[in-house]
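Let me begin by presenting the structure, written as structure tokens, before commenting on it.
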Amino acid sequence: MFIGKSQLPTDRETLFWMNVKAIPPTDEKNTQKNTLQLALQNRIKLFYRPTNLPVQAGKARDMLRFKYEGKQLRVINPSPYYLTVTGIRVQGAKLPNAFVPPKSDVTVSSPVTLAGEITYQTINDYGATTARQKGTMQ
1 MFIGKSQLPT
11 DRETLFWMNV
21 KAIPPTDEKN
31 TQKNTLQLAL
41 QNRIKLFYRP
51 TNLPVQAGKA
61 RDMLRFKYEG
71 KQLRVINPSP
81 YYLTVTGIRV
91 QGAKLPNAFV
101 PPKSDVTVSS
111 PVTLAGEITY
121 QTINDYGATT
131 ARQKGTMQ
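Listed below in structure tokens is the structure:
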């Protein structure tokens, strides 16, 4: 994989997307018949993780911070890892999932004004959902 001549950051993960398209071959015998062929495309996330990051990957989810802004929730990720936040709940209301880049934040919309306790889960390196935990408000 060619990434250009620039250096990758050493203080955080870097995300690449790999697109793989599978187009089935045509059968010479069936050129006169009606057939249905499907071309499939898979989009795969590839992460480059530098060695010696200051935080273990499993501890990054504990660093998440949240801030209510009216009908929006800002999810703040100060860690050097990409985090997929799922199962976000505020007062029983389920909010959309969020994919938060390292040392960055994203905003999640809600149909109602947000207040109260927040709980969430993340998806770990193996694709499993972590235990539900309470969010820390900023």
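Residue numbers for the sequence shown follow our numbering, beginning at 1 and rising by one. Beta carbons are placed, not taken as given, at the ideal position from N, Cα and C, and that holds for glycine. Just so it is clear, the structure is predicted and the values come from calculations on it, not from any experiment.
Put simply, the backbone Cα of proline 101 is about 9 Å away from that of arginine 12.
Within the same chain, Cβ atoms closer than 6 Å to the Cβ of serine 109 are found at Gln72, the five residues on either side in sequence being excluded.
Between glutamate 117 and the set Tyr48, Tyr68, Asp27, the nearest pair of CA atoms involves Tyr68. Here valine 20 has Asn42 as same chain residues with Cβ atoms under 6 Å from its own Cβ, once five neighbours each way along the sequence are excluded. Residue range 118-122 is occupied by the beta strand (DSSP E) that includes threonine 122. For isoleucine 88, the enclosing beta strand (DSSP E) starts and ends at 83-90. Just measuring C-alpha positions, the residue of Ile88, Gly70, Val75 sitting nearest alanine 131 is Ile88. Straight across, the Cα-Cα distance linking proline 111 with aspartate 125 is about 31 Å. Residue pairing from DSSP places tyrosine 68 in a beta bridge opposite Leu73.
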